[in-house]
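Enquirer: Below is a structure I'd like to ask you about.
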Amino acid sequence: MILLALLVLLVLLLISVPVAATLIALGLFLDEFFSPFPLVRAMGDVLWSASDSFLLIAIPLFILLGEILVRTGIAKGTYRALESWLSWLPGGLLHANIGTATLFSATSGSSVATAATIGTVAIPQGKEMKYDPKLFTGSIAAGGTLGIMIPPSINLIVYGFLTETSIPQLFAAGLLPGLLLAVLFMAGTALICLWRPSLGGPSTHHSWGERFSGLKHLVPVLTLFGIVVGSIYAGWATPTEAASLGVIGALLIALFMRKLSLGIIVEALDGTMRTTGMIMLIIIASYFLNFVLASTGVTRELAGFLESAGLGPYSTLMLVIVLYIVLGFFIETLSLMVITIPIVAPIVIAMGFDPVWFGILLILLIEMALITPPVGLNLYVVQGVRQGGPFNDVMLGALPYVGFMFLMAIVLILFPSVAMYLPNLLRG
19 MILLALLVLL VLLLISVPVA ATLIALGLFL DEFFSPFPLV RAMGDVLWSA
69 SDSFLLIAIP LFILLGEILV RTGIAKGTYR ALESWLSWLP GGLLHANIGT
119 ATLFSATSGS SVATAATIGT VAIPQGKEMK YDPKLFTGSI AAGGTLGIMI
169 PPSINLIVYG FLTETSIPQL FAAGLLPGLL LAVLFMAGTA LICLWRPSLG
219 GPSTHHSWGE RFSGLKHLVP VLTLFGIVVG SIYAGWATPT EAASLGVIGA
269 LLIALFMRKL SLGIIVEALD GTMRTTGMIM LIIIASYFLN FVLASTGVTR
319 ELAGFLESAG LGPYSTLMLV IVLYIVLGFF IETLSLMVIT IPIVAPIVIA
369 MGFDPVWFGI LLILLIEMAL ITPPVGLNLY VVQGVRQGGP FNDVMLGALP
419 YVGFMFLMAI VLILFPSVAM YLPNLLRG
């Protein structure tokens, strides 16, 4: 039954059936052929209970926050400021791409929004300075993945919702690994450009006056990060309330900078509704599918398979990692999370792994899926922003960063305290 369910899922996705419709269709298929009871009659209750959660309100709010930053052009100033500080390194603007993505990730909560924003700002400049398109676009796609690791993160909220894990602790756990991964990206980029200078571009130097004068462009993003994350850890706001504070802060900052207009608000709300509708449809459809999987015994079959394999905790963890890497080639990231987490997370946690730590490792594996073809969403986002050139450039340019992520996964397994240091402080 497991293999048949996976086959039907892959076929529906490969023929471009929308993800939410695919999940519902798979649930109805399994209900029809493998359930002795008409599970479809419970669909209304399941879909309502999946969407009736105060925590999920944070998703449209964080999306709106990112939309406001994109539409008002605040990200452009951030890019120019970091360019003056980082472009002297081997690789030049590649480091500005990663650095800006890191900072923007601390407010957007979305990988796609981060990649699209940085791509819109950076790609014209890269073309003008005749950078090799491969590593340049690859660094943007990889930098965008940090949007789901560094808090606030929509994907961490989804993981916490599905596993009933503390969102503040997940946010705390994602901060150090996210920053360390950004440093790893930049160090790896510098080494590649030292080895093959043609893959990078000219290093540029700016005066200290230019650097310090550009710091004012970092204030809006850092202020919003302080409002959102600071209010959570200070105990003043829940993640949902913090998201609403972030939206109010973004509107006030844009108004103060005279970049806010009725047209921008309408565009931001329109983009938010479209993205939120897609995410919520996927979440509630996955809840129905997970209900069917549990009722038809697929979940028990998979758990029984892992238990009967006689594998130890770390061998099982390696099997899970391989599973996510392989599935990440074919399944869109949010779908991959909502399909697998209710099945895999209880098994891994029952073997003694901390749910917060496993959430960060899982998000790292999901990040890999964002830049691995053929379904790597960030690859398509960057190619779309690029508006021309072979798609192979983006795929090849992102490959080194997949290797860096795999190295980061090894670090998390060998040194769990990288992720658990800040959450343990909160617990202590």
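Numbering-wise (the numbering used here), the sequence shown opens with residue 19 and increments by one. Backbone N, C-alpha and C fix where the C-beta goes; we use that ideal spot for every residue, glycine too.
1) Assuming P468 contacts V246 under a Cβ cut-off of 8 Å, what Cβ separation, rounded to an integer in Å, is found between them?
2) Do the segment 101-121 and the segment 303-311 meet, that is, are 3 or more Cβ pairs less than 8 Å apart?
3) What does a CB cutoff of less than 7 Å around H235 pick up in its chain, not counting 5 residues either side in sequence?
4) Would you say R445 and T155 are within 8 Å of each other, going by their C-beta atoms?
5) With 16 as the cutoff for other CB atoms within 10 Å, does W66 come out buried or exposed?
6) Do the CB positions of L22 and S304 come within less than 8 Å of each other?
7) Measure the C-alpha to C-alpha separation of I384 and M204 and round it to an integer number of angstroms.
8) Do you know how far the Cα of T132 is from the Cα of N115?
9) Can you tell me which of the three DSSP states K14 falls into?
10) For L193 and L425, what's the separation of their Cα atoms in angstroms?
11) Using a Cβ-Cβ cutoff of less than 7 Å, which residues in the same chain neighbour P151 once the five nearest sequence positions on both sides are dropped?
12) Would you decide whether Y149 is buried or exposed? Buried here means 16 or more other CB atoms lie within 10 Å of its CB.
13) For T135, which three-state DSSP category applies?
14) To the nearest angstrom, how far is the alpha carbon of F52 from that of T314?
15) Would you mind reading off the limits of the alpha helix (DSSP H) that contains P195?
16) How would you label Y419, buried or exposed, when you count the other beta carbons within 10 angstroms and need 16 or more for buried?
17) Starting from the C-beta of F80, find all residues in its chain whose C-beta is less than 6 Å away, skip the five residues before and the five after it, and write them out in chain order.
18) For L388, which residues of its own chain have a beta-carbon under 6 Å away from its beta-carbon, when the five flanking residues on both sides are left out?
19) Which ranges would you report for the alpha helix (DSSP H) in the segment 87-114 if only whole runs of at least 4 residues count?
20) Specify, as a first and last residue, the run of the alpha helix (DSSP H) that R229 falls within.
21) What ranges does the alpha helix (DSSP H) occupy inside the segment 220-286, keeping only unbroken runs of at least 4 residues that lie completely in it?
22) Kindly indicate which three-state DSSP category T390 falls into: helix, strand or coil?
23) Pull up the distance between the alpha-carbon of L287 and that of F179, whole angstroms please.
24) For T294, which residues from the same chain have a beta carbon less than 8 Å from its beta carbon, with the 5 sequence-adjacent residues on both sides left out?
25) Anyone know if the C-beta pair for T125 and L83 falls short of 8 Å?
26) May I ask which residues mark the beginning and end of the alpha helix (DSSP H) holding L451?
27) Near V265, what residues of its chain come up, given a Cβ to Cβ distance below 6 Å and the 5 sequence neighbours on each side ignored?
28) Just the C-alpha distance for L430 and V436, rounded to the nearest angstrom, thanks.
29) Out of I210, L111, W213, I271, which has the shortest C-alpha to C-alpha gap to H223?
30) Can you name the start and end residues of the alpha helix (DSSP H) that L352 belongs to?
31) Out of V139, H113, Y251, state which residue places its alpha-carbon closest to the alpha-carbon of L440.
32) How would you label G72, buried or exposed, when you count the other beta carbons within 10 angstroms and need 16 or more for buried?
33) When the Cα of L343 is compared with those of M386, S333, Y332, which residue comes out closest?
34) Give me the residue from G289, G421, T334, I271 with the minimum Cα distance to E85.
Expert: Working from what's here:
1) Given a span of 19 to 446 for the chain in the structure shown, any question on residue 468 remains unanswerable.
2) no
3) G95, T96, R98, A99
4) no
5) exposed
6) no
7) 20 Å
8) 10 Å
9) This structure cannot speak to residue 14, because the chain is shown only from 19 to 446.
10) 17 Å
11) G407, D411
12) buried
13) helix
14) 6 Å
15) 185-213
16) buried
17) G127, P170, I172, A261
18) S129, T163, T351, G394, L395, N396
19) 92-104
20) 226-232
21) 226-232, 237-251, 257-274
22) coil
23) 24 Å
24) I77, P78, I81
25) yes
26) Since the first residue of the chain shown is 19 and the last is 446, residue 451 is not available in this structure.
27) L79, L82, L83
28) 6 Å
29) L111
30) 351-368
31) Y251
32) Residue 72 is actually Phe in this sequence, not Gly. Exposed, because fewer than 16 other Cβ atoms sit within 10 Å of the Cβ of F72.
33) Here residue 343 turns out to be Ile, not Leu, going by the sequence shown. That would be M386, whose Cα lies nearest to the Cα of I343.
34) G289
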